[in-house]
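Student:
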Ligand SMILES: Nc1nc2c(ncn2[C@@H]2O[C@H](COP(=O)(O)OP(=O)(O)OP(=O)(O)O)[C@@H](O)[C@H]2O)c(=O)[nH]1
Ligand SMILES: [Zn+2]
């Protein structure tokens, strides 16, 4: 018997699929190559009351994956929003933040930047956050330990994915939004008798009938190998007005005379740090292995 469902958890090659009637099945995929992810809408064939095989995956509206020269891994499907969690301490890597922004832009997903632990003052972090607000990104100051309510209107109607370095407060946010989530995570690690599964599992939690949040502990670094040069330029939102105006058509915006992007860096219209990250990703992608 075939049924439609939603992948609500991914543990390596095993997936939990939620059916319309509320039941959750433990599923595997039929083909070896299929790379499903939390958020995928799938058709499953029931093999028992609790188990099934994923037969088909519906076309994805958006797809978030990480890639390097050798492989790519699907992280989340059909998300409409990425919440990047930073904190006033420990200090955060702007490189990771920018990679997340590039991934979001390249996939057509809205990015929201959260600065957590705002109860611990850090003027430098606040200033950095203001820079991203100036680029047009929605930024939120949060003290997740006290309350996460400020996030609810931002999450409404979206399937959001939570990303961030370790220690920024992602679990605190999830637990604040979903008090039951913590006990669920613990349950999983006890049943599988290994902490390993807990750390690599990706979960989709329903917030209400229109909103969900995906938590992926493995989502701490992004290779952006799959993004080509044109898409990369475009992913830097402040580059957009300048694209196409350089002297050379094939300008790499790294050293060429008549490069309007370099000129914008020199006149502080583009932050040097952002241009540096652009160059870094560009260089990584230039050493493609075919
Ligand atoms: N002062 C303060 N501490 C916070 C806040 N939010 C979280 N913390 C603390 O920061 C630490 C890390 O929080 P977690 O929620 O475990 O961070 P995480 O991002 O899930 O980290 P990983 O599980 O390693 O990925 C914990 O000790 C939290 O209690 C906050 O708003 N203010
Ligand atoms: Zn240029």
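Numbering (UniProt numbering), first residue to last: 1 to 290. Yeah, the Cβ is synthetic: ideal placement off N, Cα and C, and Gly gets one too.
(1) At which residue ranges does the UniProt domain "CP-type G" (68–222) contain complete beta strand (DSSP E) runs of 3 or more residues, listed in the order of the chain?
(2) Among the candidates 256, 269, 263 and 252, whose CA atom is the shortest distance from the CA of residue 278?
(3) Exposed or buried, residue 119, counting other C-beta atoms within 10 Å across all chains shown (16 or more means buried)?
(4) Got a sec, what are the start and stop residues for the beta strand (DSSP E) residue 2 sits in?
(5) Between which two residues does the alpha helix (DSSP H) containing residue 266 stretch?
(6) Indicate, with yes or no, if ligand 1 has a heavy atom lying under 7 angstroms from the CB of residue 172.
(7) Alpha carbon to alpha carbon, how far is residue 254 from residue 280?
(8) Sorted by chain position, which residues of the same chain lie with C-beta nearer than 6 angstroms to residue 270's C-beta, five sequence neighbours on each side aside?
(9) Just checking residue 204 against ligand 1 - is the residue's beta carbon closer than 7 angstroms to any of the ligand's heavy atoms?
(10) State buried or exposed for residue 215, treating a residue as buried only when at least 16 other CB atoms are found within 10 Å of its CB.
(11) Is it right to say residue 66 is buried, meaning 16 or more other beta carbons lie within 10 angstroms of its own, or is it exposed?
(12) Does the beta-carbon distance from residue 10 to residue 38 come in below 8 angstroms?
(13) In angstroms with no decimal places, state the Cα-to-Cα distance between residue 180 and residue 207.
(14) Does the Cβ of residue 281 lie closer than 7 angstroms to at least one heavy atom of ligand 2?
(15) Does the beta carbon of residue 123 come closer than 8 angstroms to any beta carbon on chain C?
(16) DSSP three-state call for residue 368: helix, strand or coil?
(17) On the DSSP bridge assignment, give the partners of residue 54 in chain order.
(18) Nearer than 7 angstroms: is that true of the beta carbon of residue 126 relative to any heavy atom of ligand 1?
(19) Could you check whether the Cβ of residue 275 sits closer than 7 angstroms to any heavy atom belonging to ligand 2?
(20) Please list, following the chain, all residues that have a C-beta closer than 5 angstroms to any non-hydrogen atom of ligand 2.
(21) Going by DSSP in three states, residue 240 sits in which element: helix, strand or coil?
(22) By the three-class DSSP mapping on this structure, what secondary structure does residue 250 have?
(23) Can you give the Cα-Cα distance for residue 60 and residue 248, rounded to whole angstroms?
(24) Is residue 359 near ligand 1 - that is, is its Cβ less than 7 angstroms away from at least one heavy atom of it?
(25) I'd like to check one pair, residue 2 with residue 202: are the Cβ atoms closer than 8 angstroms?
(26) Taking the alpha-carbon positions, what's the residue 273 to residue 27 distance?
(27) From the DSSP output, which residues share a beta bridge with residue 24?
(28) Is the beta carbon of residue 42 sitting closer than 8 angstroms to the one on residue 17?
Tutor: This is what the structure gives:
(1) Listed in chain order, the beta strand (DSSP E) elements of length 3 or more contained wholly in the UniProt domain "CP-type G" (68–222) are 72–77, 81–87, 110–116, 138–141, 159–163, 202–208 and 211–215.
(2) 252
(3) exposed
(4) 2–11 is the extent of the beta strand (DSSP E) around residue 2.
(5) 260–266
(6) yes
(7) 10 angstroms
(8) 238 and 264
(9) Residue 204: no, Cβ never under 7 angstroms from ligand 1.
(10) buried
(11) buried
(12) Judged by their CB atoms, residue 10 and residue 38 are nearer to each other than the 8 angstroms cut-off.
(13) 11 angstroms
(14) no
(15) The structure shown has no chain C; it contains just one protein chain.
(16) The structure shown does not extend to residue 368, since the chain is modelled only from 1 through 290, so no value can be given for it.
(17) 29 and 44
(18) No; taking the cut-off as 7 angstroms, the Cβ of residue 126 has no heavy atom of ligand 1 nearer than that.
(19) no
(20) Going by the Cβ distance cut-off, the answer is 246, 251, 253, 259 and 261.
(21) DSSP, read as helix, strand or coil, puts residue 240 in helix.
(22) coil
(23) 37 angstroms
(24) A question about residue 359 goes unanswered here, because the residues of the chain that appear run from 1 up to 290.
(25) no
(26) Straight through space, the alpha carbons of residue 27 and residue 273 are spaced by roughly 44 angstroms.
(27) 18
(28) yes
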